[in-house]
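Below is one structure; the comments refer to it alone.
Residue numbers (the working numbering), protein chains in the order written: chain G, 223 to 644; chain A, 30 to 367.
Set out below in structure tokens:
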């Protein structure tokens, strides 16, 4: 109530003056406006001049090319794509490939980073040395070099498809045979193959029982989550411990199995087979993707490990001692007391590492992984010659991905702070 | 500090608002005292640096010939190595004066890139290279193969067309540079490597065991390779175009690096016109009367250039084939110099 009385009357002009002019008042506002006008004029000149020059030189401009046929193929695509699709689709293919490698890279980097940090902090001498060596080696070698190392030194050393390493464990083979309902098992057929063309695994093919199976599984997940929420509330409010795992097991395993018994198999597996030069059928993880993901996640993990270590060390060791004196194990103390407090310190620099990983994924072009920079700012650019449009959209996309990542991390950090009561 | 910033801002704005489509490339080159020439990052026979950093090749000789016509000095060339995907942007932005980088002449490149091809230095066609151990004898046996290719090329497009037209499946792995593509092919990542067939022979020389690889007989496309200049400067376009024609004409008339001085004493009217002892054709082009003498003396005629870089006198040993003169069974033909 009292604050309301002290507040000056809300006047837009006054607010503007304070926001723009600061201490210099209206003079400051005038300078700021003049500066903004000059910036706008320069921006206008750049655009006008560029478009005039493009026109005099008869360089095609605009986004009309997006609906033209691209005419080239791409080695990995999450959506169906062929050479007769449009440039717009090429853009989406490249974008999805960039997102795929970034998201998977971020997950792996985070997990490896946390594990390495905990190793370094461990009282075990050997573990902490191994963690230290990992960090110092990996973060001090150039990333491009590591990508090329994984691609040209490790993965290229794998045998060719005809001599590929076959992963046909007899028992699993028998199980798959039963599921695939193959009338006659062709001899020497493996399930998965590793060669210098990548990893080939069986591909699930949807069958009649797929829809009921997915529906039951989805309901089971929702029910389990609700149950967990209820159990936690019971624990915190009434001190009542409820074991939910038998119910969860029923929801997630029992009911789906019954569904399969009623409606039949949800999917069967299409097995890869060597035909000609390559494997036909199955799903293939190309070596370019593996090399890029491994290099990006191990490299970023070294930095994340140091961030996590710093975060954990920033929590006063009295917290650890307090945890032990309550009778909590070391793991439980870390998980319940130290890490939540450390996260406040960890999240902002962690966000930086996530952004770095996403941007570093553009090094893909060196090993032929079809990411956005490779297929869009590379192939599509030189096939159409429309550098300005393509570079601008590429920059816009990276900016957008980075802003979204930071927004998500900000929300996470904000919720963390709120839950810690800070 | 503030004043410097302001001055910079004004200079930037003034510079940007000036009409930048500078149509005086020849004058710019003369003022600079140097020709800026876009070449490949290393394709033996076409443009590649030796261990001392000297560039050689058929595309390099085109640049040297232009420099000879302008400066009478073939060393006044700055070579800018470009990947396939950077080459057009470098030309459009004015970083280079001429792009002489085994680039295929197509209609879309003439019309939408703001640049024009000036002629054909080498008539090429796309082919495939495979390991001998695969026992493949024809490109039509490549169904389901993995193919390595350099990205941003017509090669990439022809590849898609060829496999589609023949109803075959394939996997394409596209690399930023030719060296990366070759390395991946050699490591076994791909079954085949595709490029212009001259490029295949050149790349094969770089492999550890060239004899283990064969170039398949099929030529799946037309790849006329030639120099490119920006739109909007006809004088420069003419100079680059006629530099190549001059070299072809010199071969046709039997003017060689060795006998060019003697030939200037010739009293054949057409030789006199070409060598500038009669008339002022060179001056109309913006250079001196004796421009062809300069070119042939320092670089040689087309036949000599071909022979030295890709032909019998080179490690590539490619036969003249359709690159022979029109009156010797090939299709190299220059309009008359008169």
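Note that the Cβ used here is the ideal one computed from N, Cα and C, for glycine as well.
Notebook entry, point to check: Based on the DSSP secondary-structure assignment, which residues constitute the bridge partners of residue 108/A?
Noted result: 66/A
Check: Where residue 571/G and residue 267/G are concerned, what is the direct C-alpha to C-alpha distance, given to the nearest angstrom?
Finding: 38 Å
Next item on the list: State buried or exposed for residue 291/A, treating a residue as buried only when at least 16 other CB atoms are found within 10 Å of its CB.
Entry: exposed
Item checked: One or two residues paired with residue 92/A in a DSSP bridge -> Residue 92/A pairs with nothing; no bridge assigned.
Note to self: Checking 8 Å against the spacing of the C-beta atoms, do residue 229/A and residue 267/A come in under that value?
What the structure shows: no
Check: Per DSSP, residue 175/A forms a beta bridge with which residues?
Finding: 200/A
Notebook entry, point to check: Which residue comes first and which comes last in the beta strand (DSSP E) that contains residue 542/G?
Noted result: Note, residue 542/G: premise wrong, no beta strand (DSSP E); alpha helix (DSSP H) at 539-547.
Margin query: Quick check on the burial criterion: 16 or more other C-beta atoms within 10 angstroms. Buried or exposed for residue 260/A?
Written below: buried
Margin query: For a cutoff of 8 Å on Cβ pairs, would you count residue 173/A as touching chain G?
Written below: yes
Note to self: Less than 8 Å between the beta carbons of residue 334/A and residue 276/A, yes or no?
What the structure shows: yes
Note to self: Using DSSP's beta-bridge definition, name the partner residues of residue 428/G.
What the structure shows: 489/G
Note to self: Please list, in chain order, the residues of the stretch 214-228 of chain A that have any C-beta partner in chain G closer than 7 Å.
What the structure shows: 216, 217, 218, 220
Next item on the list: Using a Cβ-Cβ cut-off of less than 7 Å, list which residues of the stretch 452-476 of chain G approach chain A; keep chain order.
Entry: none
Checklist line | Distance, residue 73/A Cα to residue 147/A Cα | finding: 22 Å
Next item on the list: Give the residues from the stretch 139-164 of chain A that approach chain G closer than 9 Å (Cβ to any Cβ), ordered along the chain.
Entry: 140, 141, 142, 143, 144, 163
Note to self: The alpha helix (DSSP H) that contains residue 520/G, what's its start and end?
What the structure shows: 509-535
Next item on the list: Specify the secondary structure class of residue 283/G as computed by DSSP and reduced to three states.
Entry: coil
Margin query: With a threshold of 8 Å between beta-carbons, can residue 118/A be considered close to chain G, or not?
Written below: yes
Next item on the list: From the DSSP output, in three-state form, read off residue 224/A for me.
Entry: strand
Notebook entry, point to check: When burial is assigned at 16 or more other CB atoms within 10 Å of the CB, is residue 589/G buried or exposed?
Noted result: buried
Margin query: With three or more C-beta pairs closer than 8 Å as the rule, is the stretch 629-636 of chain G touching the stretch 136-150 of chain A?
Written below: no
Note to self: My output table needs one value for residue 407/G: the three-state DSSP class, helix, strand or coil.
What the structure shows: Only weak support is given to the placement of residue 407/G: the predicted model assigns it a pLDDT of 46, under 50, and the value that follows is read from those uncertain coordinates. Reduced to three states, the DSSP call for residue 407/G is coil.
Notebook entry, point to check: In angstroms, rounded to a whole number, what distance separates the CA positions of residue 522/G and residue 516/G?
Noted result: 10 Å
Next item on the list: Confirm, please, whether the CB-CB distance from residue 118/A to residue 183/A is below 8 Å.
Entry: no
Next item on the list: Give the C-beta separation of residue 130/A and residue 69/A to the nearest angstrom, bearing in mind that I take them to be a contact with Cβ-Cβ under 8 Å.
Entry: 5 Å
Margin query: Just to confirm the assignment, what range does the alpha helix (DSSP H) spanning residue 213/G have?
Written below: Summary: the structure shown does not reach residue 213/G, with chain G confined to residues 223 through 644, and so no result is reported for it.
Item checked: residue 114/A, DSSP secondary structure in three states -> coil
Notebook entry, point to check: For residue 497/G, which beta-bridge partners are listed by DSSP?
Noted result: 500/G
Item checked: Cα-Cα separation, residue 343/A to residue 351/G -> 57 Å
Margin query: DSSP three-state label for residue 452/G, please.
Written below: helix
Check: In the stretch 566-627 of chain G, which residue ranges form an unbroken alpha helix (DSSP H) of at least 4 residues, counting only runs that do not cross its ends?
Finding: 603-606
Item checked: Candidates 567/G, 321/G, 487/G, of which the one nearest residue 432/G by Cα -> 487/G
Next item on the list: Compare the C-beta of residue 50/A with all C-beta atoms of chain G and state if any pair is closer than 8 Å.
Entry: Low confidence applies here, because residue 50/A scores a pLDDT of 46, under 50, leaving its location unreliable and the question unanswered by this model.
Checklist line | Of the residues 451/G, 490/G, 335/G, the one placed nearest residue 530/G, counting alpha carbons only | finding: 335/G
Item checked: Rounded straight-line distance, which links the Cα of residue 294/A to that of residue 308/A -> 15 Å
Checklist line | Residues of the stretch 178-205 of chain A whose Cβ lies closer than 7 Å to any Cβ of chain G, in chain order | finding: 180, 181, 185, 186, 189, 193, 200, 201, 202, 203, 204, 205
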